[in-house]
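Asker: Quick one: the structure is below, questions incoming.
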Amino acid sequence: MPTVGYCVIALMLTAYVLLDGFDLGVASIAPFIARNDNERRIAMESIGPFWNGNEVCLIAAGAALFALFPSAYAASFSGFYLPFMVVLWLLMFRGISLELREHLSSDLWHQFWDAAFWASSTLLIVLFGVALGNLIRGVPLDASGYFKGSFSFLLNPYAIAVALLAVCVLGFHGAAFARLRIDGPPAVRAASALTALWWCVAALYVIVSAATLYLRGFDGHWATYACGAIALAALIAMRLALGRSDVAAFAASSLFLIALMGAAAATMYPYILPGYPPGSGGLSIEAAAPSVAAMTTALTVTIGGGIAVFAYGSLVFRRMAGKLRVEDVTQ
Amino acid sequence: METVLADRLQFAFTIMFHYLFPIGTIGLAPFVAAYTWKAARSGDPEDAAAARFWTTIFAVNFAAGVVTGIPMEFQFGTNWAAFSRSSGSVVGQPLAMEGMFAFFLESIFLGALLYGRRGKPTRFMAWAAVMVCLGAWLSGYFIVVTDAWMQHPVGYVAGPNGTYQLSDIWAVVLSSWARWQFAHVFIGALLTGSLIVAGVGAYYLLAKRETALAKRFVRSGTIAAFVFSILAAFPTGDINADDVTKYQPVKLAAMEGLFQSAHGAPLAIIGMPDSKNRTLLDPVYVPGILSYLAYGNFRANVNGLEAYPREFWPPVELTYYAYHVMVGLGTIFGGITALAVLLLVMRRLYSTPLMLWVLMLLVPFPYIANEAGWVVSEVGRQPWIVYGLMRTAAGSSPTVSGGETLFTIIGFAGMYFLLGVLFLTLVLREIGLGPSHPQEVPV
Numbered sequence: 001m002p003t004v005g006y007c008v009i010a011l012m013l014t015a016y017v018l019l020d021g022f023d024l025g026v027a028s029i030a031p032f033i034a035r036n037d038n039e040r041r042i043a044m045e046s047i048g049p050f051w052n053g054n055e056v057c058l059i060a061a062g063a064a065l066f067a068l069f070p071s072a073y074a075a076s077f078s079g080f081y082l083p084f085m086v087v088l089w090l091l092m093f094r095g096i097s098l099e100l101r102e103h104l105s106s107d108l109w110h111q112f113w114d115a116a117f118w119a120s121s122t123l124l125i126v127l128f129g130v131a132l133g134n135l136i137r138g139v140p141l142d143a144s145g146y147f148k149g150s151f152s153f154l155l156n157p158y159a160i161a162v163a164l165l166a167v168c169v170l171g172f173h174g175a176a177f178a179r180l181r182i183d184g185p186p187a188v189r190a191a192s193a194l195t196a197l198w199w200c201v202a203a204l205y206v207i208v209s210a211a212t213l214y215l216r217g218f219d220g221h222w223a224t225y226a227c228g229a230i231a232l233a234a235l236i237a238m239r240l241a242l243g244r245s246d247v248a249a250f251a252a253s254s255l256f257l258i259a260l261m262g263a264a265a266a267t268m269y270p271y272i273l274p275g276y277p278p279g280s281g282g283l284s285i286e287a288a289a290p291s292v293a294a295m296t297t298a299l300t301v302t303i304g305g306g307i308a309v310f311a312y313g314s315l316v317f318r319r320m321a322g323k324l325r326v327e328d329v330t331q
Numbered sequence: 332m333e334t335v336l337a338d339r340l341q342f343a344f345t346i347m348f349h350y351l352f353p354i355g356t357i358g359l360a361p362f363v364a365a366y367t368w369k370a371a372r373s374g375d376p377e378d379a380a381a382a383r384f385w386t387t388i389f390a391v392n393f394a395a396g397v398v399t400g401i402p403m404e405f406q407f408g409t410n411w412a413a414f415s416r417s418s419g420s421v422v423g424q425p426l427a428m429e430g431m432f433a434f435f436l437e438s439i440f441l442g443a444l445l446y447g448r449r450g451k452p453t454r455f456m457a458w459a460a461v462m463v464c465l466g467a468w469l470s471g472y473f474i475v476v477t478d479a480w481m482q483h484p485v486g487y488v489a490g491p492n493g494t495y496q497l498s499d500i501w502a503v504v505l506s507s508w509a510r511w512q513f514a515h516v517f518i519g520a521l522l523t524g525s526l527i528v529a530g531v532g533a534y535y536l537l538a539k540r541e542t543a544l545a546k547r548f549v550r551s552g553t554i555a556a557f558v559f560s561i562l563a564a565f566p567t568g569d570i571n572a573d574d575v576t577k578y579q580p581v582k583l584a585a586m587e588g589l590f591q592s593a594h595g596a597p598l599a600i601i602g603m604p605d606s607k608n609r610t611l612l613d614p615v616y617v618p619g620i621l622s623y624l625a626y627g628n629f630r631a632n633v634n635g636l637e638a639y640p641r642e643f644w645p646p647v648e649l650t651y652y653a654y655h656v657m658v659g660l661g662t663i664f665g666g667i668t669a670l671a672v673l674l675l676v677m678r679r680l681y682s683t684p685l686m687l688w689v690l691m692l693l694v695p696f697p698y699i700a701n702e703a704g705w706v707v708s709e710v711g712r713q714p715w716i717v718y719g720l721m722r723t724a725a726g727s728s729p730t731v732s733g734g735e736t737l738f739t740i741i742g743f744a745g746m747y748f749l750l751g752v753l754f755l756t757l758v759l760r761e762i763g764l765g766p767s768h769p770q771e772v773p774v
């Protein structure tokens with residue numbers, strides 16, 4: 001049963017990466033695809049109805065981790081104390097910039113919030129990348145099951161490579177989403193951004209994969225290699241879709257993200273918090289799991305709730321689909 | 332700084348600031364739903380304006396609530412890791428339920444509601460508004476369940492390594508403490524929402540704008556506020572006090588500033604507790620009432636703080652003042668809204684500027700009453716993080732120092748100052764523009 005719980009957490013985080021991934025991604029490439037005030041406004045509004053719901057995935061995943069693996073939740077959140085606090089402040093600042101941009105019609109006001117929106121979103125992607133990289137690499141758990149992540153420990157080359165990959169792949173994901181939502185010049189620029197970003201993603205994927213194998217050895221779970229292969233296939237599909245179909249490009253980048261998250265989860269399994277140095281054990285899902293009653297309840301809640309959310313969420317999102325044109329919002 | 336004190340200060344500061352917004356969303360949600368529903372049915376532009384206006388105010392509240400809510404969900408782990416580890420099996424459950432059952436409902440349908448503002452209110456939007464309302468209420472319920480377990484733990488068994496493991500989820504989710512605490516919290520938020528609606532209406536009447544809608548706001552707001560201010564005391568406040576009397580008698584003693592046990596204990600209307608000298612300074616007493624309120628008998632014995640070891644006392648002064656502020660304000664709300672309803676019945680409310688001024692200026696006070704109520708509940712629970720099971724001092728994170736937390740408190744203070752200023756600017760600007768202002772609706 002802990003394995004099911006582990007899969008649920010991995011799925012929820014994957015959903016978060018897929019969903020908030022595109023709105024963070026749109027934000028991170030917004031300065032490059034939107035060149036004037038109105039275009040930047042469109043870029044922000046393309047994610048307007050979605051970002052809040054997407055961010056809820058993160059809260060829900062945090063709560064599910066709390067319910068399913070309390071000691072992993074306790075150790076990781078307190079171990080990454082300052083980075084997590086910075087994440088919180090950035091999430092707030094980003095939410096504020098999204099809410100506030102349109103409330104004054106001054107160019108300076110708009111430019112300030114556009115910059116804040118870009119910077120906070122991009123930094124968030126970097127921090128999430130660093131966090132994921134360190135989870136895969138392992139954290140120095142002590143005998144009581146806690147650790148203290150110092151900056152010099154957390155900012156290692158591997159985690160930075162993962163963070164760069166995250167920036168590029170979410171940039172791609174965001175650009176693909178922008179192509180689906182926005183017409184006109186920004187969409188044209190998004191198309192060229194997609195090509196450039198693809199090469200970065202491909203290069204970093206190779207580097208990170210090689211580094212992961214070097215770090216964790218070749219004795220990983222079979223699912224690691226399966227997910228790695230799917231990611232490779234998705235990477236090729238992303239390239240093939242460019243210039244042909246926007247829907248396919250977005251679908252392929254989604255598949256790529258799913259495969260990457262799957263590979264990360266499979267690499268860490270059966271530890272929810274692998275120890276450092278690699279091979280020194282860690283906090284296993286068995287050790288972190290609560291009572292059977294708690295596990296059953298949390299699984300029922302997350303799986304049942306997840307199905308319901310998916311059902312009504314896709315119904316509601318379908319009503320809001322469609323393209324935004326530059327003309328539509330020009331006053 | 333002492334680690335636990337820093338952690339407590341940070342939690343208190345972030346939760347009290349966060350809670351300002353859920354009060355608004357829980358309290359305004361039914362008004363949003365009702366106005367949207369009415370607008371969808373009547374097709375009347377005035378109804379549509381009211382619906383749009385309150386949806387916008389609600390949305391600003393909601394966004395601020397989400398933004399300040401994320402730190403709450405994280406802080407159990409960041410600052411209270413030992414507590415999370417020992418109790419996560421239980422308290423994680425309602426939090427996971429809140430995430431899965433309430434947050435998604437609220438945020439997805441709010442997105443639909445805001446997106447739909449472009450056009451006329453439709454049936455779909457009316458349903459979306461009802462779902463948002465349901466989500467806001469459910470979310471509040473699950474949070475109260477979490478707190479209720481910390482106040483009165485049930486449905487658990489002692490597990491390995493000093494953990495408390497869930498044994499019966501229904502006992503936790505449906506505990507009677509949770510149900511009545513929720514009822515009280517919920518009424519408090521609805522009272523606030525009603526007073527906001529009445530206060531905004533009063534402002535428009537005084538400013539001689541939006542008169543037709545303003546009268547509706549004042550009317551529905553004051554009637555609802557009158558009903559809720561009664562419900563806040565009876566039965567919900569009363570039953571909560573009974574639970575405290577039964578399960579947390581030392582909190583009761585601190586709330587009332589009762590140091591020495593007494594038969595026929597008096598109720599202190601005012602007075603200053605002095606926990607060092609164990610006495611209530613300058614008290615104004617009503618004899619026998621505390622015994623009656625606590626046990627239904629004017630002669631009953633009520634245990635004072637001295638009946639308990641000093642180490643089990645909560646911070647007496649804070650609990651006492653917060654309780655008296657809450658009860659005092661609650662009484663004032665009842666009096667003012669009763670008078671307002673009387674004027675309404677006499678058809679003189681809209682033309683009585685003094686009462687309109689009072690209603691307008693009353694808006695911040697229900698917030699104070701709600702926050703004070705939580706201070707009574709949570710400060711009065713000390714020194715326990717889980718009542719009778721785990722000390723607060725044992726709950727904090729072993730790897731996070733007091734200095735680090737002090738640093739992040741300052742960070743939160745800066746961020747929340749910014750957020751608070753922006754929130755007020757946005758809401759006041761929306762009120763300034765008014766419901767009939769043609770909205771620049773985002774696409």
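Same order as they appear, the protein sequences are chains Z and U. At position 119 of the first sequence (counting the first as 1) the number is 119 in the working numbering, and the numbers step up by one without a gap. At position 113 of the second sequence (counting the first as 1) the number is 444 in the working numbering, and the numbers step up by one without a gap. Glycine residues also receive a C-beta, built at the ideal position from the N, C-alpha and C atoms. None of these values were measured; they are calculated from a predicted model.
(1) Using 7 Å as the limit for Cβ to Cβ distance, is Z/A30 near chain U?
(2) Under a CB-based cut-off of 7 Å, is U/V335 close to chain Z?
(3) For the segment 276–303 of chain Z, enumerate the residues whose C-beta is nearer than 7 Å to any C-beta of chain U, in chain order.
(4) Please confirm whether Z/G313 has its beta-carbon closer than 7 Å to some beta-carbon of chain U.
(5) Compare the C-beta of U/R339 with all C-beta atoms of chain Z and state if any pair is closer than 7 Å.
(6) If you follow the alpha helix (DSSP H) that U/M686 is in, where does it begin and where does it stop?
(7) Z/Y146 and Z/A75 - do their beta-carbons sit closer together than 7 Å?
(8) Below 7 Å CB to CB, which residues in the same chain sit around U/W508 once its five sequence neighbours on both sides are set aside?
(9) Which residues share a DSSP beta bridge with U/V617?
(10) Classify U/E761: buried if its beta carbon has 16 or more other beta carbons within 10 angstroms, exposed otherwise.
(11) Applying a beta-carbon distance threshold of less than 7 Å, which residues of chain U neighbour Z/R319?
(12) In its own chain, which residues sit with a C-beta less than 7 Å from the C-beta of Z/V17, not counting the 5 before and 5 after it?
(13) Can you round the beta-carbon distance between U/A585 and U/T650 to whole angstroms, since I take them to be within the 8 Å contact cut?
(14) Would you mind giving the Cβ-Cβ distance between U/P425 and U/T345, rounded to the nearest angstrom? I have them listed as a contact below 8 Å.
(15) Using CA atoms only, rank isn't needed, just tell me which of Z/M92, Z/I136, Z/A115, Z/F172 is closest to U/F748.
(16) Going by the DSSP bridge assignment, what does U/R722 pair with across the sheet?
(17) What does U/A394 touch in chain Z if you count any residue whose Cβ is under 9 Å from its own?
(18) Taking all protein chains shown into account, do 16 or more other C-beta atoms lie within 10 angstroms of the C-beta of Z/D311, making it buried, or fewer, making it exposed?
(19) Should Z/Y205 be labelled buried (16 or more other beta-carbon atoms within 10 Å of its own) or exposed?
(20) Ignoring anything shorter than 3 residues, give me the beta strand (DSSP E) runs that lie fully in the segment 376–414 of chain U, in order along the chain.
(21) Would you say U/A533 and U/V558 are within 7 Å of each other, going by their C-beta atoms?
(22) To the nearest angstrom, how far is it from the Cα of U/L737 to the Cα of U/T334?
(23) Taking 7 Å as the CB-CB limit, is Z/G62 close to chain U?
(24) So that I know if they touch, is there some Cβ in chain U lying closer than 7 Å to that of Z/S150?
(25) Verify the CB distance criterion: does Z/G305 have a CB-CB separation below 7 Å to chain U?
(26) Flag this pair as touching only if the segment 672–688 of chain U and the segment 505–520 of chain U have three or more C-beta atom pairs under 8 Å; answer yes or no.
(27) Contact criterion: CB-CB distance below 7 Å. Does U/F435 meet it with respect to chain Z?
(28) Measuring straight from C-alpha to C-alpha, what distance separates U/L278 and U/F352?
(29) Can you list, in chain order, the residues of its chain with a C-beta nearer than 7 Å to that of U/V707? Leave out the 5 residues immediately preceding and following it.
(30) Within 7 Å of any Cβ in chain Z, is that where the Cβ of U/L351 sits?
(31) Rounded C-beta distance between Z/P186 and Z/A27? I'm assuming under 8 Å.
(32) Going by alpha carbons, who is nearest to Z/A143 out of U/P376, U/F743, U/T730?
(33) Should U/I439 and Z/G62 be called a contact, given that it needs their Cβ atoms to be closer than 7 Å?
(34) In chain order, what residues of the same chain have a beta carbon less than 6 Å from the beta carbon of U/F407, not counting five sequence neighbours either side?
(35) To the nearest angstrom, how far is the alpha carbon of U/G595 from that of U/Y623?
(36) For a quick check, are the C-beta atoms of U/P452 and U/A370 less than 7 Å apart?
Answerer: Working from what's here:
(1) In the first sequence, residue 30 of chain Z corresponds to position 30, counting from 1. Judged by the 7 Å Cβ criterion, Z/A30 is not in contact with chain U.
(2) Within the second sequence, residue 335 of chain U is the residue found at index 4, counting from 1. Closer than 7 Å: no.
(3) P290, S291, A293, A294, T297, A298, V301, T302
(4) Taking the first sequence and counting its residues from 1, the one referred to as residue 313 of chain Z is at position 313. Z/G313 counts as touching chain U.
(5) Within the second sequence, numbered from 1, the residue matching residue 339 of chain U stands at position 8. Judged by the 7 Å Cβ criterion, U/R339 is not in contact with chain Z.
(6) The count along the second sequence starts at 1 and reaches residue 686 of chain U at position 355. Counting along the chain, the alpha helix (DSSP H) containing U/M686 begins and ends at 684–693.
(7) Taking the first residue of the first sequence as 1, we reach residue 75 of chain Z at position 75. Taking the first residue of the first sequence as 1, we reach residue 146 of chain Z at position 146. Yes, the pair counts as a contact, with Cβ atoms nearer than the cut-off.
(8) Start at 1 with the first residue of the second sequence, and residue 508 of chain U comes out as number 177. Once the five neighbours on either side are set aside, the close Cβ partners of U/W508 are A479, Q482, H483, D574.
(9) By one-based count along the second sequence, residue 617 of chain U stands at place 286. Note: U/V617 sits in a beta bridge opposite U/L598.
(10) The residue given as residue 761 of chain U occupies position 430 in the second sequence. The residue is buried, with at least 16 neighbouring Cβ atoms inside 10 Å.
(11) The sequence position of residue 319 of chain Z within the first sequence is 319, counting from 1. Per Cβ cutoff of 7 Å: A443.
(12) For the purposes of this step, residue 17 of chain Z is identified with residue 17 of the first sequence, where counting begins at 1. Cβ within range, chain order: L257, M261.
(13) Stepping through the second sequence from its first residue, residue 585 of chain U is reached at position 254. Stepping through the second sequence from its first residue, residue 650 of chain U is reached at position 319. So it is a contact: roughly 4 Å between Cβ atoms.
(14) What you label residue 425 of chain U is simply residue 94 of the second sequence in a count that begins at 1. What you label residue 345 of chain U is simply residue 14 of the second sequence in a count that begins at 1. Not a contact, Cβ separation roughly 19 Å.
(15) Numbered from its first residue, the second sequence carries residue 748 of chain U at position 417. The candidate whose alpha carbon is nearest that of U/F748 is Z/M92.
(16) The residue labelled residue 722 of chain U in the question sits at position 391 within the second sequence. Partner(s): U/W715.
(17) The residue you call residue 394 of chain U lines up with position 63 of the second sequence. Neighbours of U/A394 on chain Z, chain order: N52, G95, I96, L98, E99.
(18) Against the first sequence, residue 311 of chain Z aligns to sequence position 311. It is Ala, not Asp, that sits at residue 311 of chain Z in the sequence shown. Label assigned to Z/A311: exposed.
(19) Within the first sequence, numbered from 1, the residue matching residue 205 of chain Z stands at position 205. Classification of Z/Y205: buried, given that the 10 Å Cβ count is 16 or more.
(20) none
(21) The residue given as residue 533 of chain U occupies position 202 in the second sequence. The residue given as residue 558 of chain U occupies position 227 in the second sequence. Their beta carbons are not under 7 Å apart, which means U/A533 does not touch U/V558 by this criterion.
(22) The residue you call residue 737 of chain U lines up with position 406 of the second sequence. The residue you call residue 334 of chain U lines up with position 3 of the second sequence. One C-alpha to the other measures close to 9 Å.
(23) Within the first sequence, numbered from 1, the residue matching residue 62 of chain Z stands at position 62. Yes - at least one Cβ of chain U is within 7 Å of the one on Z/G62.
(24) Along the first sequence, one-based indexing puts residue 150 of chain Z at 150. No, Z/S150 lies away from the interface with chain U (no Cβ there is under 7 Å from its Cβ).
(25) Numbered from 1 along the first sequence, position 305 holds the residue referred to as residue 305 of chain Z. Output row for Z/G305: interface = yes.
(26) no
(27) Within the second sequence, residue 435 of chain U is the residue found at index 104, counting from 1. Judged by the 7 Å Cβ criterion, U/F435 is in contact with chain Z.
(28) The structure shown does not extend to residue 278 of chain U, since chain U is modelled only from 332 to 774, so the question has no answer here.
(29) As a working mapping, residue 707 of chain U is identified with position 376 in the second sequence. If we look at U/V707 and ignore the five residues flanking it on each side, its Cβ neighbours are M586, T650, A653, Y654, M657.
(30) Locating residue 351 of chain U in the second sequence gives position 20, where the first residue counts as 1. Not one chain Z Cβ lies under 7 Å of U/L351.
(31) Here the question's residue 186 of chain Z lines up with position 186 in the first sequence. Here the question's residue 27 of chain Z lines up with position 27 in the first sequence. The pair is not a contact, with the Cβ atoms about 13 Å apart (cut-off 8 Å).
(32) Against the first sequence, residue 143 of chain Z aligns to sequence position 143. Ranking the options by Cα distance to Z/A143, first place goes to U/T730.
(33) Taking the first residue of the second sequence as position 1, residue 439 of chain U is located at position 108. Taking the first residue of the first sequence as position 1, residue 62 of chain Z is located at position 62. For U/I439 and Z/G62, no; Cβs fall outside 7 Å.
(34) As a working mapping, residue 407 of chain U is identified with position 76 in the second sequence. The residues are S415.
(35) The residue given as residue 595 of chain U occupies position 264 in the second sequence. The residue given as residue 623 of chain U occupies position 292 in the second sequence. For U/G595 and U/Y623, the distance between alpha carbons rounds to 8 Å.
(36) Within the second sequence, the letter at position 121 stands for residue 452 of chain U. Within the second sequence, the letter at position 39 stands for residue 370 of chain U. The answer is yes: Cβ separation under 7 Å.
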